[in-house]
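Protein sequences, first through last, are from chains A and B.
Count along the first sequence from 1, then add 386; that gives the number in this note's numbering.
Count along the second sequence from 1, then add 386; that gives the number in this note's numbering.
Note that CB positions come from ideal geometry on N, CA and C, so glycine has one too.
In this text the structure is predicted, and so the values were computed from the model without any measurement.
There are 2 protein chains.
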Amino acid sequence: MMQFRAPRLSDVAERAGVSIAVASVALRGGSRGTIRVGDKTAEKVRRVARRMQFRPNMAAQMLKGRKHDVIGVMIGAESTAANYGRLAAIEREAYGRGYRLMIGQFHNDAAHTAGYINDFLSRGIGALVCFHNPLMPSNPEVMDLLAQTRALVFQTVSLVQGACCVDVDRAAGVREAVTYLLGRGRRRVALALNAAPETDSLMEDRRRGYLAGVGDPDGERSRSLIWSGTGEFPPSREVLDGAVDALVVRGGADAIVASNDIWAVDLIKALRRRGLDVPGEVAVVGFDNLEAGALFDPSLTTIDQNNVDFARAAVDLLLATLDGKPLSRAERTRVVQPKLVVRESA
Amino acid sequence: MMQFRAPRLSDVAERAGVSIAVASVALRGGSRGTIRVGDKTAEKVRRVARRMQFRPNMAAQMLKGRKHDVIGVMIGAESTAANYGRLAAIEREAYGRGYRLMIGQFHNDAAHTAGYINDFLSRGIGALVCFHNPLMPSNPEVMDLLAQTRALVFQTVSLVQGACCVDVDRAAGVREAVTYLLGRGRRRVALALNAAPETDSLMEDRRRGYLAGVGDPDGERSRSLIWSGTGEFPPSREVLDGAVDALVVRGGADAIVASNDIWAVDLIKALRRRGLDVPGEVAVVGFDNLEAGALFDPSLTTIDQNNVDFARAAVDLLLATLDGKPLSRAERTRVVQPKLVVRESA
DNA sequence: CTGAAAGCGCTTACAG
DNA sequence: CTGAAAGCGCTTACAG
Numbered sequence: 387m388m389q390f391r392a393p394r395l396s397d398v399a400e401r402a403g404v405s406i407a408v409a410s411v412a413l414r415g416g417s418r419g420t421i422r423v424g425d426k427t428a429e430k431v432r433r434v435a436r437r438m439q440f441r442p443n444m445a446a447q448m449l450k451g452r453k454h455d456v457i458g459v460m461i462g463a464e465s466t467a468a469n470y471g472r473l474a475a476i477e478r479e480a481y482g483r484g485y486r487l488m489i490g491q492f493h494n495d496a497a498h499t500a501g502y503i504n505d506f507l508s509r510g511i512g513a514l515v516c517f518h519n520p521l522m523p524s525n526p527e528v529m530d531l532l533a534q535t536r537a538l539v540f541q542t543v544s545l546v547q548g549a550c551c552v553d554v555d556r557a558a559g560v561r562e563a564v565t566y567l568l569g570r571g572r573r574r575v576a577l578a579l580n581a582a583p584e585t586d587s588l589m590e591d592r593r594r595g596y597l598a599g600v601g602d603p604d605g606e607r608s609r610s611l612i613w614s615g616t617g618e619f620p621p622s623r624e625v626l627d628g629a630v631d632a633l634v635v636r637g638g639a640d641a642i643v644a645s646n647d648i649w650a651v652d653l654i655k656a657l658r659r660r661g662l663d664v665p666g667e668v669a670v671v672g673f674d675n676l677e678a679g680a681l682f683d684p685s686l687t688t689i690d691q692n693n694v695d696f697a698r699a700a701v702d703l704l705l706a707t708l709d710g711k712p713l714s715r716a717e718r719t720r721v722v723q724p725k726l727v728v729r730e731s732a
Numbered sequence: 387m388m389q390f391r392a393p394r395l396s397d398v399a400e401r402a403g404v405s406i407a408v409a410s411v412a413l414r415g416g417s418r419g420t421i422r423v424g425d426k427t428a429e430k431v432r433r434v435a436r437r438m439q440f441r442p443n444m445a446a447q448m449l450k451g452r453k454h455d456v457i458g459v460m461i462g463a464e465s466t467a468a469n470y471g472r473l474a475a476i477e478r479e480a481y482g483r484g485y486r487l488m489i490g491q492f493h494n495d496a497a498h499t500a501g502y503i504n505d506f507l508s509r510g511i512g513a514l515v516c517f518h519n520p521l522m523p524s525n526p527e528v529m530d531l532l533a534q535t536r537a538l539v540f541q542t543v544s545l546v547q548g549a550c551c552v553d554v555d556r557a558a559g560v561r562e563a564v565t566y567l568l569g570r571g572r573r574r575v576a577l578a579l580n581a582a583p584e585t586d587s588l589m590e591d592r593r594r595g596y597l598a599g600v601g602d603p604d605g606e607r608s609r610s611l612i613w614s615g616t617g618e619f620p621p622s623r624e625v626l627d628g629a630v631d632a633l634v635v636r637g638g639a640d641a642i643v644a645s646n647d648i649w650a651v652d653l654i655k656a657l658r659r660r661g662l663d664v665p666g667e668v669a670v671v672g673f674d675n676l677e678a679g680a681l682f683d684p685s686l687t688t689i690d691q692n693n694v695d696f697a698r699a700a701v702d703l704l705l706a707t708l709d710g711k712p713l714s715r716a717e718r719t720r721v722v723q724p725k726l727v728v729r730e731s732a
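Below is the structure:
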């Protein structure tokens, strides 16, 4: 905690008995411009720098045009553990490529959110990942600021013209779950959506994957096996009981794929209230693979969003854009394949 | 995504028809040094700056001695949702005080961890919060670097001479849980520790709170109601069954306070395996208040670590230290009061 | 290799 | 208020 003046490059140069220019070049290895530093000189400079605990002043390097190695991440202030899991994955990926993460939050107040993005831009942070809820109302000022970042990646859907986007193939995930359930001998696999697919594209993706899985492309046969709520989240007890009535009691389902893990867990409770055994009488599959999934009783079979691939794709897109690589419309979107995680509930 | 040259202060000054010095002062309000800017002039400069979307270059401001408004947070690479919840709380608190967060991770490799801290220091980030596992082996190089940060806050226990620390009053939390259980008519409240209190001070804290709660200061009467594991985490089925045998079957407990939520959930499963109803025959209380706590069946009564107060205390200490305020030994440690969250399991 | 110098974009005394 | 200048700590041409 001692207060001391940080050593400067000129201090190192002086002690090493070389010019500032040579010290600068020696510390970053190789040769720059017309300056070529011999091995023994370079080694000496580095030794002195180490002994003095020299750390280059990044503000000065920045001012001279050093490329910025910080990625900004904007996450919703109301974010749940699921988003932080994704954040951690991005940290790992960014770290591996020599990048740091600075986090910001979308606050309810657009002015505050704008303040954050302005702050990033002021720092010269040109790369931003937005954990932006696709259903969140978008403020024009915020959108304008986002459009000014050099590299921008959204999750699920891009909200800015020309920006990149990483999405999870929800349809494939649900399809995999359905196929798995049928392969395990379930005869009537149902789908519980927390909102109507007609108005919520994330739900429509699940419906599409479901219909592909049960081999009913036009959805004629599956009508009684697809239930959708009104978007209320988390669902009330009445809504859950209603879903169980519709799908299991009346629809005869012996398996349910839920919109997410919370729905899955709540459906399991509702099934038990009806005296139904999980997974004996009805299997349940979630979506998200929450960290707590393994702790539930029964532990949750679920679709993992594959944060590792998500992070890799997001950082790939960011760095490609920063490099100035021109990306086609198709290249700007990356789709990550989720993976079924089998536990006890199905 | 347009590539453009960011406007500089001199551009703003030129367009507004004032000197650079006046522009600089006008944008930051009031008057600095000998320069005093009139209201109408200041307003004009600000208007021009806004129209040009001027954003001061922070690297340049930094170089001129602007105080840094970034707090670094080091978290374990193996961090769970619990730590990220705390991180989010710190973000909120820091944001409210005009500070940003940059996150780094402790990696297994000490060299990598050192790289991160060096990076923070190089950026001039003098404030660091360390989510450092108190049982994690401490590398001398890492410790040395940590000691060089101007303001340093650890969780649970400080690992650096003179650094600050925010701790949660585990004893008070457990005591509150015990008191609550006794007040609800439980007669034999037990304590399940995942490691021996003799070797793990975090467990000893719980034991102390427990003994205070049951009014058995020297622990004579409670011997059969305290069980401790060998530190294995998460616990195996055999270990859990053993704990239930010891505390409930042989010890006659009708309530158990667990070391954390995961243990609590696993104990509930073990109790059920023995045919015991929770909370009917045995009540169970956790510790941590995991986000998923409300989803378990029965939902978990638990001790919340109070991240809001934790974050406030951590940022308080950081900013006080940055201000150069001399803190006494006592002032350097802040203890946060946890809160019992009552749900169904007890 | 050296040494002296320019310049990144600001802030801040300084003389008018 | 203005205008010119110094300087934060670097990097990088430039002339030897």
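* Could one say the Cβ of residue 426 of chain B lies closer than 9 Å to chain A's Cβ atoms, at least one of them? -> no
* To do: Tell me whether the beta-carbon of residue 580 of chain B lies closer than 9 Å to the beta-carbon of residue 646 of chain B.
  => yes
* Taking residue 709 of chain A as the reference, which of A:575, A:536, A:695, A:524 has the closest Cα? -> The candidate whose alpha carbon is nearest that of residue 709 of chain A is A:536.
* **Whole-angstrom distance between residue 498 of chain A and residue 389 of chain B, CA atom to CA atom** => Any reading at residue 389 of chain B must be qualified, since the residue scores a pLDDT of 46, below 50, and its modelled position is unreliable; the value itself is stated next. Roughly 25 Å separates the two Cα atoms.
* Asked: Would residue 442 of chain B count as contacting chain A if we go by Cβ distances under 9 Å?
  -> yes
* Members of the segment 475-496 of chain A that neighbour chain B once the beta carbon cut-off is set at 9 Å -> When CB distances to chain B are screened at a threshold of 9 Å, the residues of the segment 475-496 of chain A falling below it are 477, 478, 481, 486, 487, 488, 489, 490, 491, 493, in chain order.
* Are residue 558 of chain A and residue 697 of chain A close, meaning C-beta to C-beta below 9 Å? -> no
* Quick one, are the C-beta atoms of residue 490 of chain A and residue 460 of chain A less than 9 Å apart? -> Closer than 9 Å, so yes.
* To do: Taking only the alpha-carbon atoms, compute the straight-line gap between residue 387 of chain B and residue 540 of chain A and give it to the nearest angstrom.
  => With a pLDDT of only 39 at residue 387 of chain B, under the threshold of 50, the placement of this residue in the model should not be trusted; the figure read from the coordinates follows. Annotation: residue 387 of chain B to residue 540 of chain A spans about 14 Å, alpha carbon to alpha carbon.
* Would you list the one or two residues that DSSP bridges to residue 491 of chain B? => B:461
* Asked: In whole angstroms, what is the alpha-carbon distance linking residue 695 of chain B and residue 624 of chain B?
  -> 38 Å
* Helix, strand or coil: which one does DSSP assign to residue 644 of chain A? -> strand
* To do: In angstroms with no decimal places, state the Cα-to-Cα distance between residue 688 of chain A and residue 565 of chain A.
  => 13 Å
* Asked: What first and last residue would you give for the beta strand (DSSP E) that runs through residue 447 of chain B?
  -> Secondary structure note for residue 447 of chain B: it is in no beta strand (DSSP E), and the uninterrupted alpha helix (DSSP H) holding it is 444-449.
* **Nearest-angstrom Cα separation, counted from residue 516 of chain A out to residue 635 of chain A** => 42 Å
* In whole angstroms, what separates the C-alpha of residue 699 of chain B from that of residue 421 of chain A? -> 51 Å
* To do: Given a cut-off of 9 Å, decide if residue 644 of chain B and residue 650 of chain B are closer than it, judged by their beta-carbon atoms.
  => Note that the C-beta distance between residue 650 of chain B and residue 644 of chain B is below 9 Å.
* Tell me where the beta strand (DSSP E) around residue 506 of chain A begins and ends. => Taken as a continuous stretch (DSSP letters only), residue 506 of chain A belongs to no beta strand (DSSP E), being part of the alpha helix (DSSP H) at 496-508.
* To do: May I ask which residues mark the beginning and end of the beta strand (DSSP E) holding residue 614 of chain B?
  => 612-614
* If you draw a straight line from the alpha carbon of residue 712 of chain A to that of residue 437 of chain B, how long is it in whole angstroms? -> 29 Å
* Can you name the residues that DSSP bridges to residue 672 of chain B? -> B:688
* Could you tell me whether the Cβ of residue 387 of chain A comes closer than 9 Å to any Cβ of chain B? => Low confidence applies here, because residue 387 of chain A scores a pLDDT of 39, under 50, leaving its location unreliable; read the following figure in that light. Chain B contact via Cβ: present.
* Continuous beta strand (DSSP E) stretch holding residue 561 of chain B: start and end -> Note, residue 561 of chain B: premise wrong, no beta strand (DSSP E); alpha helix (DSSP H) at 556-569.
* Kindly give me the distance between the Cβ atoms of residue 561 of chain A and residue 595 of chain A, rounded to whole angstroms, as I take these residues to be in contact under 8 Å. => 4 Å
* Partner residues on chain A for residue 648 of chain B, Cβ-Cβ distance less than 9 Å -> 678, 681
* When the cut-off is 9 Å and only beta carbons count, does residue 518 of chain A lie next to chain B? -> no
* Report the neighbours of residue 566 of chain A on chain B: residues whose CB is nearer than 9 Å to its CB, in chain order. => Under the 9 Å cutoff, chain B gives no residues; its nearest Cβ is about 23 Å from residue 566 of chain A.
* What span of residues does the alpha helix (DSSP H) with residue 542 of chain A cover, start to end? -> Note, residue 542 of chain A: premise wrong, no alpha helix (DSSP H); not H, not E.
* Cα-Cα separation between residue 628 of chain B and residue 730 of chain B, rounded to whole angstroms -> 24 Å
* **For residue 659 of chain B, the nearest candidate out of B:637, B:630, B:683 (CA to CA)** => B:630
* **Residues that residue 449 of chain A contacts on chain B, provided the C-beta gap is smaller than 7 Å** => The answer, in chain order, is 445, 446, 449.
* In chain order, what residues of the segment 398-415 of chain A put their CB closer than 8 Å to some CB of chain B? -> none
* Asked: So, residue 665 of chain A versus residue 578 of chain A, is the Cβ gap smaller than 9 Å?
  -> no
* Determine whether the Cβ of residue 730 of chain B lies closer than 9 Å to any Cβ atom of chain A. => no
* To do: Return the Cβ separation of residue 457 of chain A and residue 487 of chain A in integer angstroms, given the expectation that the two are a contact with Cβ distance under 8 Å.
  => 6 Å
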